[in-house]
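What follows is one structure encoded as structure tokens, with my remarks underneath.
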Amino acid sequence: KLFMSVSSLKRKLAAEEVSFSKIYLDARMNQAIKLLRMGAGNISQVATMCGYDTPSYFIAIFKRHFKITPLSFMRTMNH
Numbered sequence: 001k002l003f004m005s006v007s008s009l010k011r012k013l014a015a016e017e018v019s020f021s022k023i024y025l026d027a028r029m030n031q032a033i034k035l036l037r038m039g040a041g042n043i044s045q046v047a048t049m050c051g052y053d054t055p056s057y058f059i060a061i062f063k064r065h066f067k068i069t070p071l072s073f074m075r076t077m078n079h
């Protein structure tokens, strides 16, 4: 619980010039990085664990966010 109203939360986020969507996306992408580093599964499994319906959409969002594909990221982890 945040112990504040939705409107108060929205005001605080607006004051910081950040949206809930951005915070949520960052959390999902940080979880994806963590899972990929741990070797928690293949890209399809990680996509599902992070709440994405399709691996292709997950890959597109991951690449837009980090400027690298999940597969390329995994390859850098193995070297």
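Numbering-wise (UniProt numbering), the sequence shown opens with residue 1 and increments by one.
Every residue, glycine too, gets a C-beta built ideally from N, C-alpha and C.
Original post:
In whole angstroms, what separates the C-alpha of Leu2 from that of Pro70?
Top reply: About 33 Å.
Original post:
Can Ile59 and Ile33 be called in contact, C-beta distance under 9 Å?
Top reply: No; because the gap between Cβ atoms is not below 9 Å, this pair is not in contact.
Subject >> Met29 versus Leu9, Met4, Tyr57, Thr76, residue with shortest Cα-Cα distance >> reply: Of all alpha-carbon atoms in Leu9, Met4, Tyr57, Thr76, the one lying nearest the alpha-carbon of Met29 is that of Tyr57.
Original post:
Once you ignore the five residues that flank Gly39 on each side, which residues in its own chain have a CB closer than 7 Å to its CB?
Top reply: For Gly39, where only same-chain residues beyond five positions count, there are no Cβ hits under 7 Å.
**OP:** Let me know the secondary structure DSSP gives Asp53 once reduced to three states.
**Re:** In this structure, Asp53 counts as coil in the three-state DSSP scheme.
Original post:
Ends of the alpha helix (DSSP H) at Met4?
Top reply: Judged by DSSP secondary structure, Met4 falls outside any alpha helix (DSSP H); it is assigned neither H nor E.
**OP:** Can you have a look at Tyr24 and say buried or exposed, based on whether 16 or more other CB atoms are within 10 angstroms of its CB?
**Re:** Looking at its Cβ environment, which holds fewer than 16 other Cβ atoms inside 10 Å, Tyr24 is exposed.
Original post:
At which residues does the alpha helix (DSSP H) containing Asn30 begin and terminate?
Top reply: 20-38 is the extent of the alpha helix (DSSP H) around Asn30.
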